[in-house]
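So the structure is just underneath, and the comments pick up after that.
Protein chains: 2
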Amino acid sequence: METRELRYFVAVAEELHFGRAAQRLGIAQPPLSRAIGGLERRLGTLLLERGSRGVALTAAGAVLLREARAALDAVEAAERRTRRAALAGTGRPAVVLAAKAGASGELLAKLLDAYAAEPGAAAVDVVLCGPGEQARLLSDGRADVALLHRPFDDTAGFDTEVLLSEGQVAILPAGHPLSTRPHVRLAEVTGLPDLPLPRWPRPDGSFPDGPGPQVRDHTQLTQLIALGRACAVVPESGRTGLREGLTAVPVPDAPRVTTVIAWPPHSRSTAVAGLVRAATVL
Amino acid sequence: METRELRYFVAVAEELHFGRAAQRLGIAQPPLSRAIGGLERRLGTLLLERGSRGVALTAAGAVLLREARAALDAVEAAERRTRRAALAGTGRPAVVLAAKAGASGELLAKLLDAYAAEPGAAAVDVVLCGPGEQARLLSDGRADVALLHRPFDDTAGFDTEVLLSEGQVAILPAGHPLSTRPHVRLAEVTGLPDLPLPRWPRPDGSFPDGPGPQVRDHTQLTQLIALGRACAVVPESGRTGLREGLTAVPVPDAPRVTTVIAWPPHSRSTAVAGLVRAATVL
DNA sequence: AGGAGCGATACCCGTCCGGTATCGCCGTCC
DNA sequence: GGACGGCGATACCGGACGGGTATCGCTCCT
Numbered sequence: 194m195e196t197r198e199l200r201y202f203v204a205v206a207e208e209l210h211f212g213r214a215a216q217r218l219g220i221a222q223p224p225l226s227r228a229i230g231g232l233e234r235r236l237g238t239l240l241l242e243r244g245s246r247g248v249a250l251t252a253a254g255a256v257l258l259r260e261a262r263a264a265l266d267a268v269e270a271a272e273r274r275t276r277r278a279a280l281a282g283t284g285r286p287a288v289v290l291a292a293k294a295g296a297s298g299e300l301l302a303k304l305l306d307a308y309a310a311e312p313g314a315a316a317v318d319v320v321l322c323g324p325g326e327q328a329r330l331l332s333d334g335r336a337d338v339a340l341l342h343r344p345f346d347d348t349a350g351f352d353t354e355v356l357l358s359e360g361q362v363a364i365l366p367a368g369h370p371l372s373t374r375p376h377v378r379l380a381e382v383t384g385l386p387d388l389p390l391p392r393w394p395r396p397d398g399s400f401p402d403g404p405g406p407q408v409r410d411h412t413q414l415t416q417l418i419a420l421g422r423a424c425a426v427v428p429e430s431g432r433t434g435l436r437e438g439l440t441a442v443p444v445p446d447a448p449r450v451t452t453v454i455a456w457p458p459h460s461r462s463t464a465v466a467g468l469v470r471a472a473t474v475l
Numbered sequence: 194m195e196t197r198e199l200r201y202f203v204a205v206a207e208e209l210h211f212g213r214a215a216q217r218l219g220i221a222q223p224p225l226s227r228a229i230g231g232l233e234r235r236l237g238t239l240l241l242e243r244g245s246r247g248v249a250l251t252a253a254g255a256v257l258l259r260e261a262r263a264a265l266d267a268v269e270a271a272e273r274r275t276r277r278a279a280l281a282g283t284g285r286p287a288v289v290l291a292a293k294a295g296a297s298g299e300l301l302a303k304l305l306d307a308y309a310a311e312p313g314a315a316a317v318d319v320v321l322c323g324p325g326e327q328a329r330l331l332s333d334g335r336a337d338v339a340l341l342h343r344p345f346d347d348t349a350g351f352d353t354e355v356l357l358s359e360g361q362v363a364i365l366p367a368g369h370p371l372s373t374r375p376h377v378r379l380a381e382v383t384g385l386p387d388l389p390l391p392r393w394p395r396p397d398g399s400f401p402d403g404p405g406p407q408v409r410d411h412t413q414l415t416q417l418i419a420l421g422r423a424c425a426v427v428p429e430s431g432r433t434g435l436r437e438g439l440t441a442v443p444v445p446d447a448p449r450v451t452t453v454i455a456w457p458p459h460s461r462s463t464a465v466a467g468l469v470r471a472a473t474v475l
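Sequences listed follow chains A and B, in order. Everything in the first sequence is counted per this note's numbering, starting at 194 for the first residue and increasing by one. Everything in the second sequence is counted per this note's numbering, starting at 194 for the first residue and increasing by one.
Next comes the structure, spelled out in structure tokens:
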């Protein structure tokens, strides 16, 4: 199977429409039909059920969709990492570290300092991304290491090393009745009708349904809380540098958050190893 | 990047010789040279150092070799798993479980029984393989689940669930002086000049250097021990059904062996999930 | 200096990918 | 119910590219 065929199949499987998929791929529809047909012939199975009203995935097609995405990620990662390795000699960034924007700020700073102090440390690019995107960046090679937060992020498929475990706090507007309490229970803050939890975008950019306001980054979040339009439950480290008008109240019964450093398995890059070593001895 | 190019590159990187690589690929040498050249041009970097005496990998080439192997595994896995999924409806094996030959016999039997008793259980194919090969089978899709043994096997890159933790025992010929001891220390059995530890084949089929005899499977191993030509340190479960003439002596200071069930991350197959569930509630 | 080994280049051919035109099928709408 | 429109498959053509043979250029060895 060629990656071209996999790309074609994924496009059709996602659009469930040959015409739109072809458009997205920048080719005409007939060659796309032929390519999928050939794929099905060689695999000896139907991948798509052509109904009169669009297309549907067969069981085998669903399997291929999942596997093909993983395979295409791996191919992309190969290309990106090779390109990066090629630049390494020229002094440009040798490693890319992905971290969730607005999280682990202090830890990240200490980590970068500690690693930079090592002899022979490589240049580290830090990519700040939205929640849950770090794993994607690692999979497709845009990053070489990432800071993940269990249980929010899925660490499946990566090597990890635990860095930090912490409780969570509720971030509330300063004047809120609960803000003077020594601690609150999770149920007390999740169900507040006047202060709903905000809705974060899904990986595809759309927002889940619900009552809370839509937020895209940390700035929007703190601003909304300060305005008394939302509240949030975040790891303890998120209370450092809290802006004026916000209060943090511990939530002892919220799940503890574990920050881990993660990297693709079998990564033999010395730079990644160095970063991991620096992180674990912090 | 097309998988064809990756396959070509891996062949050259492994052979370090364009002619032999071309032969292995079943094509002539010039198209291979051109393909690699094109890859290098598009990546904007040299992958291979052409010396007058053969070829050597550049740093970027080494990165691509590692990543390309992973990517090709993923593509192969996509193809194999799709083919298998296509057969699922026809009643043929829906899941393939890989286990090291001669290990975990009892556990494996109990697991298969427990799963088969579940309603809607799929047909399970068991593939017995050489030591350390299970991970490979999982990576390239020849298997969907595997039993691995830490610390021998590398579980990096898979989801796992611990099933069993056990100590190790030394397998000795019945008449050996140490065989009557209640227990022995690891150092006492690893350094015996008269009973060297056997050498197992590496994944590529070659054997490491050393004094011990070469073994390829469990039968050879037990036979050699019975002949008084070798000894072995194996997990406790390996003592069940021990043949005549062999004795097992506990080795308390040997590392404990953890048997885990492993599967590719993000595997959503219900059959795999059922097997894992059956295994964890054993 | 001559020759052998090895990769690169030149050139040709066949295949296969991609494009346009068109068909066949099935809903839908007037 | 017939005409229309949407959608995927088929037919056919042109061009790009992969693969083959022949040969060159370089280097090392004898």
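Glycine residues also receive a C-beta, built at the ideal position from the N, C-alpha and C atoms.
query: Proximity of A:Gly334 and A:Ala264 at Cβ, strictly below 8 Å; result: no
query: Residues from the region 453–464 of chain B in contact with chain A, defined by Cβ distance under 7 Å; result: Pro458, His459, Arg461
query: Straight-line gap, A:Gly431 to A:Ser297 (C-alpha atoms, nearest Å); result: 7 Å
query: First and last residue of the uninterrupted beta strand (DSSP E) at A:Gln361; result: 361–366
query: Cβ contact (3+ pairs, closer than 8 Å) linking the region 382–394 of chain B and the region 386–394 of chain A; result: no
query: Local Cβ density within 10 Å of B:Asp352, reported as buried at 16 or more and exposed below that; result: buried
query: Any C-beta of chain B under 8 Å from that of A:Gly237; result: yes
query: As assigned by DSSP and simplified to three states, the class of A:Val408; result: coil
query: Spatial distance of A:Val426 from A:Ala441 (CA atoms); result: 9 Å
query: Assigned secondary structure, A:Glu207 (DSSP; H/G/I helix, E/B strand, else coil); result: helix
query: Within-8 Å CB hit, A:Asp352 to chain B; result: yes
query: Alpha-carbon to alpha-carbon, A:Val444 and B:Ser332; result: 42 Å
query: A:Asp318 (DSSP reduced to helix, strand or coil); result: strand
query: Proximal residues of chain B, C-beta to C-beta of A:Glu242 below 8 Å; result: Residues of chain B passing the Cβ test: none, with the nearest at roughly 13 Å.
query: Interface residues of chain B facing A:Ala270 [CB-CB closer than 9 Å]; result: Glu260, Ala263, Ala264
query: Boundaries (first-last residue) of the beta strand (DSSP E) holding A:Val474; result: Premise fails: A:Val474 is in no beta strand (DSSP E) and is neither H nor E.
query: Test: A:Val256 CB closer than 8 Å to a CB of chain B; result: yes
query: Proximity below 8 Å, CB of A:Leu241 to CB of A:Gly231; result: no
query: Coil, strand or helix - B:Ile229 by DSSP; result: helix
query: Three-state secondary structure assigned by DSSP to A:Ile418; result: helix
query: Opening and closing residue of the alpha helix (DSSP H) in which A:Glu299 lies; result: 298–309
query: Contacts that B:Glu195 makes with chain A (C-beta to C-beta distance below 7 Å); result: Glu195, Thr196, Arg197
query: Below-8 Å beta-carbon distance, A:Thr451 vs any chain B residue; result: no
query: Close Cβ partners of B:Leu218 (< 6 Å) along its chain, the five nearest in sequence each way excluded; result: Ala204
query: Cβ-Cβ distance between A:Leu290 and A:Val319 below 8 Å; result: yes
query: 8 Å Cβ cutoff met for A:Pro366 and A:Leu439; result: yes
query: Proximity of A:Gly379 and A:Thr452 at Cβ, strictly below 8 Å; result: Checking the sequence, you will find Leu at residue 379 of chain A rather than Gly. Their beta carbons are not under 8 Å apart, which means A:Leu379 does not touch A:Thr452 by this criterion.
query: Chain A within 8 Å of B:Thr275, Cβ atoms only; result: yes
query: Simplified DSSP state of B:Ala281, which is helix, strand or coil; result: helix
query: Short CB-CB distance (under 8 Å) between A:Ala423 and chain B; result: no
query: Touch test, the region 460–469 of chain A against the region 212–227 of chain B, Cβ-Cβ under 8 Å, three pairs minimum; result: no
query: Bridge partner(s) assigned by DSSP for A:Pro428; result: A:Gln361
query: Within chain B, partners of A:Ala267 - CB distance below 7 Å; result: Ala263, Ala264, Ala267
query: Straight-line gap, B:Ile454 to B:Ser358 (C-alpha atoms, nearest Å); result: 12 Å
query: Residue nearest to B:Arg343 in terms of C-alpha spacing, selected from B:Gly360, B:Pro370, B:Gly247, B:Arg259; result: B:Gly360
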